[in-house]
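*Asks:* Everything in the sequence shown is counted per our numbering, starting at 1069 for the first residue and increasing by one.
Have a look at this one.
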Amino acid sequence: MTEFHGSRRTVTQSIESEASRDEVVGVLVEATRIPEWAPAFVDRVTGDARSGWLATKDGQDFALRVMVDQGAGTVDYLREVGPGREGGAYVRVLPRPGGGSVIAMTLPLLPGVNPTDTAATLAQELDALAALVERH
């Protein structure tokens, strides 16, 4: 078993939004919008769900697979992280009591990256995503 940062391998955070679950998922499935709220992950996304997504970060291209279960409110952004292995960001959107939604995201902790830095980036991404969906 590979260990990263002790026994921790992921960081998960959540944020509440006035936007409905369907509104949030509607933005999340538009992969070309990822750079608007997660610029640390990708600079640009091109293509489409049918032909496949191509993401670019710091001049490097990689295939991006977007797995969506609209009814469950789940959107996963996956890329090859090793031979035959995929990993990425896992987003869950839950209905919030009284209206709106709760957006939770889990990111892997990468070797050599401080977990505190990953948590700070995740908090910024969730803030940006909530602001985006509430304007959408």
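Note that CB positions come from ideal geometry on N, CA and C, so glycine has one too.
#1: Under 8 Å between the Cβ atoms of leucine 1132 and alanine 1099?
#2: List the endpoints of the continuous alpha helix (DSSP H) containing alanine 1187.
#3: Mapping the DSSP letters down to three states, classify proline 1103 as helix, strand or coil.
#4: Go ahead and pull the three-state DSSP assignment for valine 1134.
#5: Let's see if you can read the secondary structure: which residues bound the beta strand (DSSP E) around glycine 1152?
#6: Could you give the distance in angstroms between the alpha-carbon of methionine 1069 and the alpha-carbon of isoleucine 1102?
#7: When the Cα atoms are used, what is the spatial distance from threonine 1124 to aspartate 1111?
#8: Considering only C-alpha positions, which residue in the set Ser1075, Arg1076, Glu1084 is nearest to alanine 1191?
#9: In angstroms with no decimal places, state the Cα-to-Cα distance between valine 1113 and glycine 1167.
#10: Among all the DSSP beta bridges, which residues are the ones paired with proline 1165?
*Replies:* Judging by the given coordinates:
#1: Numbered from its first residue, the sequence shown carries residue 1132 at position 64. Numbered from its first residue, the sequence shown carries residue 1099 at position 31. Their beta carbons are under 8 Å apart, which means leucine 1132 touches alanine 1099 by this criterion.
#2: Counting from 1 along the sequence shown, the entry for residue 1187 is found at position 119. It spans 1183-1203 - the alpha helix (DSSP H) in which alanine 1187 sits, taken as one unbroken run.
#3: Within the sequence shown, numbered from 1, the residue matching residue 1103 stands at position 35. DSSP places proline 1103 in helix when its eight states are reduced to three.
#4: Indexing the sequence shown from 1 puts residue 1134 at position 66. If DSSP states are grouped into helix, strand and coil, valine 1134 belongs with the strands.
#5: Within the sequence shown, residue 1152 is the residue found at index 84, counting from 1. Premise fails: glycine 1152 is in no beta strand (DSSP E) and is neither H nor E.
#6: Sequence index remark: in the sequence shown, residue 1069 carries index 1 (1-based). Sequence index remark: in the sequence shown, residue 1102 carries index 34 (1-based). In this prediction, methionine 1069 scores a pLDDT of 33, lower than 50, which makes its location untrustworthy; the coordinate-derived value is nonetheless stated afterwards. In a straight line, the C-alpha of methionine 1069 is about 32 Å away from that of isoleucine 1102.
#7: Start at 1 with the first residue of the sequence shown, and residue 1124 comes out as number 56. Start at 1 with the first residue of the sequence shown, and residue 1111 comes out as number 43. Cα-Cα distance, rounded: 6 Å.
#8: Along the sequence shown, read from residue 1 onward, the residue named residue 1191 stands at position 123. For alanine 1191, the nearest C-alpha among the options comes from Glu1084.
#9: Indexing the sequence shown from 1 puts residue 1113 at position 45. Indexing the sequence shown from 1 puts residue 1167 at position 99. The alpha-carbon atoms of valine 1113 and glycine 1167 are separated by roughly 31 Å.
#10: Working through the sequence shown from its first residue, we reach residue 1165 at position 97. For proline 1165, which the question treats as bridged, DSSP gives no partner whatsoever.
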